[in-house]
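See structure below.
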Amino acid sequence: MTGQQELDESGGYGRAPSVSITSPFLLTEDPTIAQQIAALGQPRRYRAGQFVYRQGSLSDYFFQVVRGRLRIYLTRADGTERVLSYAEPGAGIGESTCFDGLPRYASCVAMVDSELLAVSKRAVLDAGRLEPEILVEMTRRISRKARLFAMHIAADGLPACGRVALILDHLVEAYGIPCPEGVRLRVQYSLDELALMIGVTRVTMSRELARLIDDGLVIRRGREIVVPDVAALRVVAGDYRP
1 MTGQQELDES GGYGRAPSVS ITSPFLLTED PTIAQQIAAL GQPRRYRAGQ FVYRQGSLSD
61 YFFQVVRGRL RIYLTRADGT ERVLSYAEPG AGIGESTCFD GLPRYASCVA MVDSELLAVS
121 KRAVLDAGRL EPEILVEMTR RISRKARLFA MHIAADGLPA CGRVALILDH LVEAYGIPCP
181 EGVRLRVQYS LDELALMIGV TRVTMSRELA RLIDDGLVIR RGREIVVPDV AALRVVAGDY
241 RP
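The numbers in full-length UniProt numbering rise by one with no breaks, and the one at position 238 of the sequence shown is 238.
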């Protein structure tokens with residue numbers, strides 16, 4: 001980690017308005033409980049390019065994003081990377097390995113200057129004895145991360161066009177805002193970022209996205225993406241719902 005040692009280690013489409021606008025696999029369900037958990041944390045600031053944690057490290061801490069944007073990815077044995085998700089304000093990251101005591105299975109790096117709250121396992125367990133809903137929320141968060149891996153496994157079994165449709169469906173659920181043409185993604189991604197999330201090249205991502213556009217399943221204006229018919233897009237993804 002550069003310059004800072006790791007500690008021992010707002011509503012989207014189809015979701016309640018009170019839920020933070022971030023990945024549905026990272027966000028918290030109950031804002032009140034989320035605030036109680038966040039209150040247990042200590043502020044940490046990371047510069048762009050600085051690691052919050054690295055794959056293989058051990059830690060008794062997880063993090064909640066206050067501001068900024070972070071990339072969570074794993075490095076394969078051959079040195080290639082697979083992006084698991086991007087975390088923005090409201091997201092929780094690193095919960096699973098905080099509680100299982102095993103090495104981090106992924107790395108987290110700040111894409112821009114970011115501020116996080118570092119929450120210790122001990123603080124959560126102590127608070128959970130007084131407010132059991134905190135422990136229920138932590139269990140839910142970890143379960144949602146398991147679904148994130150399920151989505152990536154499902155994507156690997158799909159043809160390229162199905163992978164693109166699957167990640168767009170995932171993003172629509174997280175960031176979608178109804179508009180006259182359908183559902184517009186509030187957060188904009190580059191082709192490279194989308195490609196890294198589904199394990200394809202930028203060229204393949206561009207080609208398959210163009211096919212979806214030609215078929216009328218996606219509208220694209222620069223980085224802005226609109227999905228006219230989410231159900232039709234989901235058919236291309238094999239009707240898989242992570």
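Ideal placement from N, C-alpha and C gives every residue a C-beta, glycine not left out. Being a predicted model, the structure only gives us computed values, none of them experimental.
Pull up the CB-CB distance for residue i and residue j, whole angstroms please, since I reckon it's below 8 angstroms.
i	j	result
Lys145	Glu95	7 angstroms
Ile198	Ala155	5 angstroms
Glu133	Ile219	Between Ile219 and Glu133 the Cβ distance is about 41 angstroms, and since that is not below 8 angstroms, they are no contact.
Val227	Gly182	5 angstroms
Ala165	Leu212	7 angstroms
Ala237	Gly176	Not quite, the Cβ-Cβ distance comes to about 15 angstroms (not below 8 angstroms), so this is no contact.
His152	Leu209	About 19 angstroms separates the two Cβ atoms, so there is no contact after all.
Do you know whose CA, among the options, lies nearest residue i's CA?
i	options	result
Tyr86	Pro228, Leu212, Leu171, Gly176	Leu171
Pro103	Arg45, Asp60, Gly128	Asp60
Ala118	Ala110, Ala127, Pro132, Gly92	Gly92
residue 247	Thr75, Ile142, Glu137, Leu148	The first residue shown for the chain is 1 and the last is 242, placing residue 247 beyond what the model contains.
Leu58	Ser143, Glu131, Arg141, Phe99	Phe99
Ser201	Arg82, Phe51, Ile37, Gly68	One point to set straight first is that residue 201 is Thr, not Ser, in the sequence displayed. Comparing Cα-Cα distances from Thr201 to each of Arg82, Phe51, Ile37, Gly68, the minimum goes to Arg82.
Gly41	Val66, Val230, Arg186	Val66
Asp169	Asp78, Gly128, Lys121, Tyr240	Tyr240
Val112	Gly68, Ser120, Ala150	Gly68
Gly49	Pro178, Cys108, Ser143, Ala195	Cys108
Glu115	Val203, Tyr46, Pro31	Tyr46
Ala160	Arg207, Arg122, Val230	Arg207
Ala127	Gln35, Arg221, Ala77	Gln35
Taking all protein chains shown into account, do 16 or more other C-beta atoms lie within 10 angstroms of the C-beta of residue i, making it buried, or fewer, making it exposed?
i	result
Glu88	buried
Arg53	The displayed chain sequence assigns Tyr, not Arg, to residue 53. Per the 10 Å Cβ criterion, buried.
Tyr105	exposed
Phe25	Because Phe25 carries a pLDDT of 49, less than 50, the predicted location of this residue cannot be relied on, and no value is offered for it.
Gln64	buried
Thr80	exposed
Gly110	Gly is not the amino acid found at residue 110; the sequence shown has Ala there. Buried.
Ser190	exposed
Glu224	exposed
Thr139	exposed
Ile37	buried
Val124	buried
Pro180	exposed
Arg147	exposed
Gly90	buried
Ala195	buried
Arg71	buried
Leu217	buried
Arg184	buried
Glu131	exposed
Arg129	exposed
Arg221	exposed
Arg234	buried
Review point. Fully enclosed by the UniProt domain "Cyclic nucleotide-binding" (25-123), which alpha helix (DSSP H) runs are 4 residues long or longer?
Key: 31-38, 95-100
Review point. At which residue ranges does the segment 170-229 contain complete alpha helix (DSSP H) runs of 4 or more residues, listed in the order of the chain?
Key: 191-198, 202-214
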